[in-house]
Amino acid sequence: MKGLFSAKWLTFYGGTIAFVIALFSLVTNYGEANLKAQPKISGRYKLSATDLPGCLRGKDLILSIDQSGVYLNGSILETPHSTQEQTASKKKPSLTGKFRQPNLELSGTLPQIQGCENSQISIQSTIDKTILRGNLSLKDSASRFVAKLEEPSEIKK
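Read left to right, the sequence shown gives residues 6 to 162 (our numbering).
Okay, here's the thing in structure tokens:
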């Protein structure tokens, strides 16, 4: 017991504790300076396009996006849509992708849109606050679109 409180051991313990504190401080400062979370983009976006491709032509559409860090899941729904369709699209989203600020990429199928069930879709866009601008590709045709985030009061239940 007397050996544990000698000057040699106290110096060792003090040095070890100081090293751990310095290392923790260094890692914390690095994380705060260089590791930033992606901004939240989850929500429902009303799609506007002058000429949607193929089976989407003439339909009012909502792009629903769920976010987990850089990973995205989503669905495209026709408006109006039922609560059952919305619940099904949340449980099993048909689009997957990534978000690398400011670029957003989603791809998948459109099982909720009548006439588009087996169609492959790809969305590449950029986001500026609450507005998405980009290209929507369906089969061999593409269309430019703009989508605006709906406010919670605008969402019809």
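Built from N, CA and C at the ideal position, the CB exists for glycine as well.
- Beta-bridge pairing by DSSP links residue 56 to no other residue.
- Under the 10 Å beta carbon count, residue 18 is surrounded by fewer than 16 other beta carbons and is classified as exposed.
- Going by DSSP, residue 15 is part of no beta strand (DSSP E) but of the alpha helix (DSSP H) stretching over 12 to 39.
- If one requires a minimum length of 3 residues, the beta strand (DSSP E) runs lying completely within the region 89 to 148 are 100 to 105, 108 to 114, 125 to 133 and 136 to 143, in chain order.
- At least 8 Å separates the beta-carbon of residue 114 from that of residue 106.
- Nearest Cα to residue 65 within the set 41, 55, 71 and 74: 55.
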